[in-house]
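K.L.:
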Amino acid sequence: MSQIHVDPSHLVPEVLTPPISKSDAQRALVLAHLTGGWPLPVLQEEPEHYLPADVRVLRRGIEALRQPPGPVRDVDCADGGAPFRILVTQSAVTPGAHMRLTGTPRLGERPHGPLFDSLREALGPSGLVLTEGHPWPVEIRAPTATGKPVFRVPGAQSSQYASSLLLGCAALYLRERRPWSVEIIGELTSAGYLELTVSWLRRFGFTVLEHDGRFEVTDYRAPERPPAMPGDWSSLGYLLLISWRTGGSVERADLSSAHPDQALVQLVERAGLEAVPGPRDTLRMTGTARDGLVASGKECPDLLPTLAALACVLPRPSTLTDVGILRLKESDRLEGIRTLVDAFGGKTVLDGETLTIHPPTSHPPRFSMDSKGDHRQAMVAATLSVVSGVPLTLTGPECVEKSFPGFWRQLERTGVRLTS
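Its first residue numbered 140, the sequence shown is counted upward by one per residue in the numbering used here.
1. Short of 7 Å in beta carbon distance, which residues of its chain neighbour Leu348, apart from the five on each side in sequence? Order them along the chain.
2. Which one of Val211, Leu449, Leu240 and Leu467 has the shortest CA to CA distance from Ile225?
3. Start and end of the beta strand (DSSP E) containing Leu422?
4. Which value, in whole angstroms, describes the spacing of the CA atoms of Ala397 and Ser162?
5. Using a Cβ distance threshold of 8 Å, determine whether the segment 318–325 contacts the segment 292–310, with at least three qualifying pairs required.
6. Using a Cβ-Cβ cut-off of 8 Å (strictly less than) and excluding sequence neighbours within five positions of Leu204, which residues of its own chain qualify?
7. Considering Trp339, what are the terminal residues of the beta strand (DSSP E) in which it resides?
8. Please classify Val337 as buried or exposed, where buried requires at least 16 other C-beta atoms within 10 Å of its C-beta.
9. Count the other CB atoms, across all protein chains shown, that sit within 10 Å of the CB of Val415; report buried if there are 16 or more and exposed otherwise.
10. Can you give the Cα-Cα distance for Leu155 and Gly325, rounded to whole angstroms?
11. So what's Leu150 in DSSP terms, helix, strand or just coil?
12. Hey, could you find the ends of the alpha helix (DSSP H) Thr445 is sitting in?
13. On the DSSP letters alone, give me the boundaries of the alpha helix (DSSP H) that Lys161 sits inside.
14. Under 8 Å between the Cβ atoms of Ser527 and Val433?
15. The alpha helix (DSSP H) that contains Leu550, what's its start and end?
16. Taking C-alpha atoms, which residue in Arg245, Glu202 and Arg556 lies nearest to Asp218?
17. Rounded to the nearest angstrom, how far is the Cβ of Leu479 from that of Ala447, given a contact under 8 Å?
18. If you follow the beta strand (DSSP E) that Ala434 is part of, which residue opens it and which one closes it?
19. Considering just the uninterrupted stretch of the alpha helix (DSSP H) at His350, what are its terminal residues?
20. Applying the 10 Å Cβ sphere with the 16-neighbour rule, what's the burial state of Ala410?
21. Restricting to Cα atoms, I'd like to know which of Leu403, Glu469 and Leu313 is closest to Arg360.
22. How many whole angstroms separate the CB atoms of Lys511 and Pro191, which I take to be in contact at a CB cut-off of 8 Å?
23. Tell me where the beta strand (DSSP E) around Ala414 begins and ends.
24. Which whole-angstrom value is the C-beta distance of Tyr300 and Leu254, which I expect to be below 8 Å?
25. If we require 3 or more residues per run, which beta strand (DSSP E) segments fall completely within the segment 233–274?
26. With three or more C-beta pairs closer than 8 Å as the rule, is the segment 143–152 touching the segment 325–334?
27. Does the Cβ-Cβ distance between His502 and Val539 come in under 8 Å?
28. Taking the DSSP output, what are the residues bridged to Met508?
29. Skipping 5 residues on each side, what residues in its chain have a beta carbon closer than 8 Å to that of Ile143?
30. Note down the Cα distance separating Arg552 from Gln401, rounded to an integer number of angstroms.
31. Is Glu184 buried or exposed, if buried means 16 or more other CB atoms sit within 10 Å of its CB?
32. Could you please give me the residues that DSSP links to Glu278 through a beta bridge?
33. Exposed or buried, Lys468, counting other C-beta atoms within 10 Å across all chains shown (16 or more means buried)?
34. Quick check on Arg391: buried or exposed, where buried means 16 or more other Cβ atoms within 10 Å of its Cβ?
35. Just verifying my parser: in three-state terms, what is the DSSP assignment at His144?
36. Hey, is Ala428's beta-carbon within less than 8 Å of any beta-carbon in chain D?
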């Protein structure tokens with residue numbers, strides 16, 4: 140695995156550009172496919188090398204689903220949890236579909252059982268075939284008919300199950316013209332991502348009713364124009380912190396977005412920072428750090444590693460709650476946060492589901508991190524290097540392709556020197 144050396148000693152202000160939102164684009168891709176808007180214009184306009192890998196994976200999967208019924212179609216989902224789960228449901232609700240999905244060993248280790256069980260319960264009696272390897276391949280043959288129009292799924296492990304099923308409800312509504320619903324059992328983790336799914340369904344013209352953990356697709360009317368695609372708020376998190384250090388700004392920062400990671404704008408206020416809007420969806424971060432942070436994994440799990448990097452340069456301890464969900468991501472991100480803080484000279488204390496980060500009393504001369512193949516861990520380590528001014532040696536920098544292919548080019552625009 141390769142290494143990269145990050146030297147942030149000669150920074151300059153610059154306007155930084157995030158990629159389109161991975162989470163938004165995945166939902167929009169499915170809905171464009173279902174409603175006749177394929178191919179999605181904004182993805183045709185975006186340079187291929189700047190599209191997040193997960194978006195490219197899902198696009199390949201949908202293109203396979205759009206082929207006439209025939210032989211089994213093979214799709215490699217790499218390590219994309221969301222594309223895999225979305226494609227499982229879309230395969231199960233597409234008449235004539237016969238899909239064989241594979242992925243990395245880590246993706247195979249992540250929990251998918253509740254989604255499989257929900258599909259089998261609702262569609263199995265109608266002829267759904269869903270078989271699992273150990274862990275690969277996962278093979279799906281869609282039924283030719285359906286039964287009672289409801290999916291039931293637990294909410295505790297991931298909101299991606301419910302999002303995938305709700306997009307399946309949209310497909311089934313268009314096919315059958317009868318309401319389909321998702322019933323969530325228990326408390327829902329990362330509810331903001333399901334709300335993002337609901338938001339995109341409505342933007343594409345679907346009526347979605349919500350009541351007591353039940354989400355029902357009841358109608359569809361085509362919108363006048365395709366919805367706009369915002370920048371990726373997960374990526375904006377890194378760039379906003381970097382712009383705070385450089386005195387620059389970021390663009391594509393749509394403050395009306397429903398993305399959960401937009402919570403960064405409010406969360407940093409406690410620490411003494413402020414996100415200041417500018418013209419044409421630009422944003423810059425100002426202020427002097429004076430306190431620690433408090434954030435919850437239930438609300439914005441993907442944002443917690445970014446906030447942990449900021450916590451390392453704040454004057455007081457920070458508290459992250461509901462952190463257990465981080466263990467089930469592309470890597471064990473809870474352990475990744477603790478490793479990052481330790482490498483930077485700080486200390487972490489884990490008490491059940493609460494992690495307290497104690498920043499170091501002084502910054503180290505340099506630090507090293509291994510991304511473990513996790514795109515967020517790589518970008519978080521680089522962000523900490525820039526906001527602290529401390530050089531970094533990073534193992535595995537290429538994994539940023541998953542969500543932010545242009546990340547290293549954006550860093551170089553700020554004057555960061557990258558050497559191998």
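Each residue gets a CB set at the ideal place from its N, CA and C atoms; glycine is no exception.
P.N.:
Straight from the coordinates:
1. The residues Glu355 and Thr357, in chain order, have a CB closer than 7 Å to that of Leu348 in the same chain once the five nearest residues on each side in sequence are set aside.
2. Selected option, being the one with the closest Cα: Leu240.
3. From DSSP, the beta strand (DSSP E) with Leu422 extends over Leu422 to Gly426.
4. One C-alpha to the other measures close to 10 Å.
5. At 8 Å Cβ cutoff, the stretches touch.
6. Within the same chain, Leu204 has close Cβ partners His172, Arg212, Leu226, Gln229, Ser230, Thr233, Ala236 and Met238.
7. First-last for Trp339: Ala330 to Arg342, but that is the alpha helix (DSSP H), not the beta strand (DSSP E).
8. Around the beta-carbon of Val337, 16 or more other beta-carbon atoms lie within 10 Å, marking it buried.
9. The residue in question, Val415, is exposed, as its Cβ has fewer than 16 Cβ neighbours within 10 Å.
10. Using only the alpha carbons, I get a separation of about 41 Å.
11. Looking at Leu150 - three-state DSSP - the assignment turns out to be coil, as it is neither helix nor strand.
12. For Thr445, the enclosing alpha helix (DSSP H) begins and ends at Leu443 to Ala450.
13. Boundaries of the alpha helix (DSSP H) around Lys161: Lys161 to Thr174.
14. Between Ser527 and Val433, the C-beta spacing is not below 8 Å.
15. Bounds of the alpha helix (DSSP H) holding Leu550 are Phe546 to Arg552.
16. Residue nearest to Asp218 within the set Arg245, Glu202 and Arg556 is Arg245 (criterion: CA-CA distance).
17. The C-beta separation of Leu479 from Ala447 comes to about 6 Å, placing the pair in contact by the 8 Å criterion.
18. It spans Val433 to Ser435 - the beta strand (DSSP E) in which Ala434 sits, taken as one unbroken run.
19. In the DSSP assignment, His350 falls outside any alpha helix (DSSP H) and within the unbroken beta strand (DSSP E) covering Phe345 to His350.
20. Ala410 should be labelled buried.
21. Of the candidates Leu403, Glu469 and Leu313, the one whose C-alpha sits nearest the C-alpha of Arg360 is Leu313.
22. Contact check for Lys511 and Pro191: beta-carbon distance about 19 Å, past the 8 Å limit, so the pair fails to qualify.
23. Counting along the chain, the beta strand (DSSP E) containing Ala414 begins and ends at Leu412 to Pro416.
24. The C-beta distance from Tyr300 to Leu254 rounds to 4 Å, short enough to meet the 8 Å contact threshold.
25. Runs found: 237–241 and 268–271.
26. These segments do not touch.
27. No, these two residues do not count as a Cβ contact at 8 Å.
28. Looking at the DSSP assignment, Met508 forms a beta bridge with Leu533.
29. Here the set comprises Thr532, Leu533, Pro536, Trp547, Leu557, Thr558 and Ser559.
30. Those two C-alpha atoms are separated by around 24 Å.
31. Residue burial is scored here from C-beta neighbours: Glu184 has fewer than 16 other C-beta atoms within 10 angstroms and is therefore classed as exposed.
32. Beta-bridge pairing links Glu278 to Arg239 and Thr270.
33. Buried, since its Cβ has 16 or more Cβ neighbours within 10 Å.
34. By the neighbour-count rule (16 or more Cβ atoms within 10 Å), Arg391 is buried.
35. In the structure shown, His144 sits in a strand (DSSP, three-state: E or B).
36. Looking at the structure shown, chain D is missing, and only one protein chain is on hand.
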